[in-house]
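Okay, so here's the structure we're looking at.
Okay, structure coming up:
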């Protein structure tokens, strides 16, 4: 197991390098950039990140100026007409664009090895401090969603497998499929209207992870206040996640229950509980564990953007989205690096969980 662990850890290095390289190359060919964004702001053609979403931002204004003959077509940047070239050079140096692309890439990789992510282009704060500031929201949403999904879906999937074809199986299947079909953001809006001071009851808070007086509350009050705030966001994200995990667990158990070794165990007089959790569980859970890495990382980062926006939760999902729109490349690449690293580590943990569920699995004899 130790040799396998070393091989997997060493394999993470080229994997992270490849992810960063692909993203860096894509960025080089993407239109716009931090220098162009500053120039657009100076020329009054940029109204912020939201203007890019609607297509009415800096690029649109630059095209208008070019059509009017006011833009220097020989300029490297749109919106540079009338500006001192020395000022443009200063901007390039400030953002690091005075160096060739390959030099910038290897400097970034060297710094990332020691978790030095530099400064945000458009925020007066280091990237690592910015991520630390947003991390509690993403941890809260991703961790609780993943934990509750597994704690509910696995027992429910086992119960459905044991009662396959019964009324319980039909009713629960209908409920989780309907929940899967309802978009999370739509459910979030419904819960706000119903329970957060909309047209009906004002039971839960509308925004934030904690109350303004959270630091003044006793320890039990802090815990209560925290769960009071995250209830609606977690419910909104979690309802649609039950279907895949529950049906995957059910089908895995059904496949194992029908095998010969289960019939043999029952013929020996073992109790149904002993058969399910002593024999079937280990084999059936392998496929469920295999999907843990993807579901965890997806819940941790990818699935929370709309929920964060609706409930005014300033987390990593919203930070990544805004950073892409604003061309804040240090934040974009830092988030990508952290997401990829966490995904690789969680995937490695999933492999070791296999050995806990089924000790017969030996990774020492497996080629990475």
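Residue numbers (the numbering used here): 10 to 377. All C-beta atoms, glycine included, are put in the ideal place defined by N, C-alpha and C.
Extent of the continuous alpha helix (DSSP H) run through residue i
{"i": "residue 41", "result": "Per DSSP, residue 41 belongs to no alpha helix (DSSP H) and is neither H nor E."}
{"i": "residue 242", "result": "228-247"}
{"i": "residue 199", "result": "193-204"}
{"i": "residue 8", "result": "With the chain running from 10 to 377 in the structure shown, residue 8 is simply not present."}
{"i": "residue 178", "result": "176-190"}
{"i": "residue 289", "result": "Per DSSP, residue 289 belongs to no alpha helix (DSSP H) and is neither H nor E."}
{"i": "residue 9", "result": "Outside the displayed range of the chain (10 to 377) lies residue 9, so it cannot be described from this structure."}
Nearest residue (CA-CA) to residue i, options the options
{"i": "residue 262", "options": "320, 164, 156, 223", "result": "164"}
{"i": "residue 35", "options": "220, 355, 353, 338", "result": "338"}
{"i": "residue 136", "options": "39, 341, 331", "result": "341"}
{"i": "residue 260", "options": "114, 168, 30, 199", "result": "168"}
{"i": "residue 237", "options": "333, 273, 149, 213", "result": "213"}
{"i": "residue 166", "options": "181, 155, 156", "result": "181"}
{"i": "residue 240", "options": "226, 196, 22", "result": "196"}
{"i": "residue 220", "options": "209, 211, 233", "result": "233"}
{"i": "residue 194", "options": "145, 245, 211", "result": "245"}
{"i": "residue 146", "options": "20, 327, 38, 343", "result": "327"}
{"i": "residue 105", "options": "144, 329, 43, 123", "result": "43"}
{"i": "residue 123", "options": "359, 353, 343", "result": "343"}
{"i": "residue 354", "options": "12, 17, 13", "result": "17"}
{"i": "residue 132", "options": "359, 356, 331", "result": "331"}
{"i": "residue 21", "options": "351, 292, 203", "result": "351"}
{"i": "residue 257", "options": "288, 296, 228", "result": "296"}
{"i": "residue 118", "options": "157, 170, 209, 24", "result": "24"}
{"i": "residue 192", "options": "272, 242, 288", "result": "242"}
{"i": "residue 316", "options": "198, 210, 360, 134", "result": "198"}
{"i": "residue 121", "options": "336, 289, 28", "result": "28"}
{"i": "residue 41", "options": "364, 160, 362, 336", "result": "336"}
{"i": "residue 266", "options": "247, 293, 276", "result": "293"}
{"i": "residue 210", "options": "186, 202, 217", "result": "202"}
{"i": "residue 290", "options": "264, 161, 249, 158", "result": "264"}
{"i": "residue 187", "options": "360, 247, 144", "result": "247"}
{"i": "residue 324", "options": "218, 273, 270, 190", "result": "218"}
{"i": "residue 249", "options": "185, 159, 358", "result": "185"}
Simplified DSSP state of residue i, which is helix, strand or coil
{"i": "residue 135", "result": "strand"}
{"i": "residue 211", "result": "strand"}
{"i": "residue 70", "result": "Confidence at residue 70 is low in this model, with a pLDDT of 37, below 50, so the placement of that residue should be treated as unreliable; the coordinate-derived value is given next. Residue 70: helix per DSSP, three-state reduction."}
Query - Three-pair Cβ contact test at 8 Å for the segment 135-144 versus the segment 328-348 - result: yes
Query - Validate contact between the segment 272-282 and the segment 239-253 using beta carbons, cut 8 Å, 3 pairs - result: no
Report task. With a floor of 4 residues, list each alpha helix (DSSP H) that falls wholly inside the segment 253-282, ordered by position along the chain. Result -> 269-276
Query - Inter-stretch contact (C-beta, 8 Å, three-pair minimum) for the segment 149-162 and the segment 118-133 - result: no
Query - the segment 23-39 in contact with the segment 109-122 per 3-pair CB rule at 8 Å - result: yes
**Report entry** Every unbroken beta strand (DSSP E) within the segment 331-365, with a cutoff of 3 residues, ordered by chain
**Finding:** none
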